[in-house]
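Reminder that position 234 of the sequence shown reads as 289 in this note's numbering, one-by-one numbering, no gaps. The next block holds one structure in the form of structure tokens; read it before the comments.
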Amino acid sequence: MTTHATPPVLGIPGATEELSERLRDGLARVDALLTQVVDHGDPFIARASGHLVEAGGKRFRPLLTLLASELGEGINDDVVAAAAGVELTHLASLYHDDVMDEATVRRGVASVNAAYDNSTAILVGDLLFGKASELVAGLGAEAVLIQAQTFVRLCSGQIRDDRACPEDVDPVDYYLGVLADKTGVLIATAGRYGVMFSGGAPETVEIMRSYGEKVGIAFQLADDLIDIASDADDSGKIPGTDLREGVDTLAVLRFRAMAEPSDPKDARLLELLDGDLSTDDAALGEALGLLRAHPALAQAREETYAVAREAQALLDPLPDSDAKAALQALAMSVVDRVG
Numbered sequence: 056m057t058t059h060a061t062p063p064v065l066g067i068p069g070a071t072e073e074l075s076e077r078l079r080d081g082l083a084r085v086d087a088l089l090t091q092v093v094d095h096g097d098p099f100i101a102r103a104s105g106h107l108v109e110a111g112g113k114r115f116r117p118l119l120t121l122l123a124s125e126l127g128e129g130i131n132d133d134v135v136a137a138a139a140g141v142e143l144t145h146l147a148s149l150y151h152d153d154v155m156d157e158a159t160v161r162r163g164v165a166s167v168n169a170a171y172d173n174s175t176a177i178l179v180g181d182l183l184f185g186k187a188s189e190l191v192a193g194l195g196a197e198a199v200l201i202q203a204q205t206f207v208r209l210c211s212g213q214i215r216d217d218r219a220c221p222e223d224v225d226p227v228d229y230y231l232g233v234l235a236d237k238t239g240v241l242i243a244t245a246g247r248y249g250v251m252f253s254g255g256a257p258e259t260v261e262i263m264r265s266y267g268e269k270v271g272i273a274f275q276l277a278d279d280l281i282d283i284a285s286d287a288d289d290s291g292k293i294p295g296t297d298l299r300e301g302v303d304t305l306a307v308l309r310f311r312a313m314a315e316p317s318d319p320k321d322a323r324l325l326e327l328l329d330g331d332l333s334t335d336d337a338a339l340g341e342a343l344g345l346l347r348a349h350p351a352l353a354q355a356r357e358e359t360y361a362v363a364r365e366a367q368a369l370l371d372p373l374p375d376s377d378a379k380a381a382l383q384a385l386a387m388s389v390v391d392r393v394g
């Protein structure tokens with residue numbers, strides 16, 4: 056695992072204390088706005104809408120919006136509104152994700168579908184999308200267009216994630232495209248908004264859009280690796296969820312391409328992956344053990360780090376600054392979690 060001389064501040068290795076203080080103040084303003092926006096005259100709707108806001112979370116996306124604003128003239132009211140809009144969009148997607156995944160826990164509390172019911176979770180998710188759009192509408196027509204395009208890609212990514220890769224498409228290309236839509240696009244919008252609404256240059260807006268999408272892909276690739284490589288005690292998650300659900304993430308796709316059916320271990324792992332791991336814990340554990348020992352896992356880890364390095368390289372045209380250094384460190388920190 057890559058180490059950093061300066062410990063993470065607000066989840067960003069290498070951030071100076073002055074920069075961190077500005078980001079802390081900005082996040083406090085974002086949280087206050089979120090609390091205000093999700094409030095509602097109906098107490099039931101107010102409780103359901105505020106459920107995940109109150110649960111907290113990393114606030115990764117609004118933090119990126121605030122940090123990106125440092126490449127312009129810094130945090131202002133529009134930047135705070137944009138950051139809150141991005142976070143509301145993210146929260147709304149989580150309400151819907153939990154229904155589709157039949158989740159019971161989110162951010163350490165009962166998911167909304169578990170605490171209430173599926174219909175409430177779906178409708179409150181829609182309500183939060185509407186609230187996000189209200190916030191973004193105050194930022195102008197271009198922001199509204201970006202919000203709409205982001206929403207379309209989020210939905211497209213989720214739809215394609217639930218479908219098998221078409222036979223005439225490379226499975227890895229398909230998988231990475233799904234991640235770009237499902238995770239990368241909203242993080243791209245977070246970075247883009249930060250520069251836009253702080254008066255940054257158009258070319259810097261584009262750099263942060265591209266950077267954010269790469270960081271989002273790297274973030275999801277890292278999560279997928281953690282699902283295979285980490286023990287539950289280390290990650291806080293039950294390992295093998297993707298295998299149990301029959302989802303081929305990058306390590307599995309690389310294994311399938313590298314597998315030698317004449318090798319007994321490869322043949323056994325292929326048999327397990329092509330079978331039903333949804334209820335057989337022993338088979339799932341065996342599949343995890345075989346995949347962890349296979350070179351495909353190391354290859355997937357290296358490819359994940361390569362995406363993070365690509366994100367860092369996109370920042371090269373920017374002048375040196377505390378914000379640039381923090382963004383470079385942030386790109387690597389999202390993958391350092393996999394060890």
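Yeah, the Cβ is synthetic: ideal placement off N, Cα and C, and Gly gets one too.
- For S317, no alpha helix (DSSP H) encloses it, and the DSSP letter there is neither H nor E.
- In the three-state DSSP reduction, S188 falls in the helix class (H, G or I).
- The Cβ-Cβ distance between F99 and L194 does not fall below 8 Å.
- Cα atoms of T238 and E268: separation of roughly 8 Å, rounded to the nearest angstrom.
- Distances from the CA of H145 to each of D133, A136, R116 were compared; the closest alpha carbon is that of R116.
- In the three-state reduction of the DSSP assignment, R208 falls in the helix class, which pools H, G and I.
- If you draw a 10 Å sphere on the C-beta of L276, you find 16 or more other C-beta atoms in it, and that means buried.
- In this model, R77 and L234 are separated by some 31 Å (Cα to Cα).
- In this model, V393 and G212 are separated by some 24 Å (Cα to Cα).
- Distances from the alpha-carbon of V260 to those of A386, L370, L280 put L370 closest.
- In this structure, DSSP gives R392 a state outside helix and strand, which the three-state scheme calls coil.
- For F115, the uninterrupted alpha helix (DSSP H) run begins and ends at 115-124, by DSSP.
- Looking from the CA of D321, the closest CA among L343, P257, G255 belongs to L343.
- With respect to A123, G246 sits close: the two C-beta atoms are nearer than 8 Å.
- With fewer than 16 other Cβ atoms inside 10 Å of its own Cβ, T334 counts as exposed.
- If you draw a straight line from the Cα of D377 to the Cα of E358, it comes to about 28 Å.
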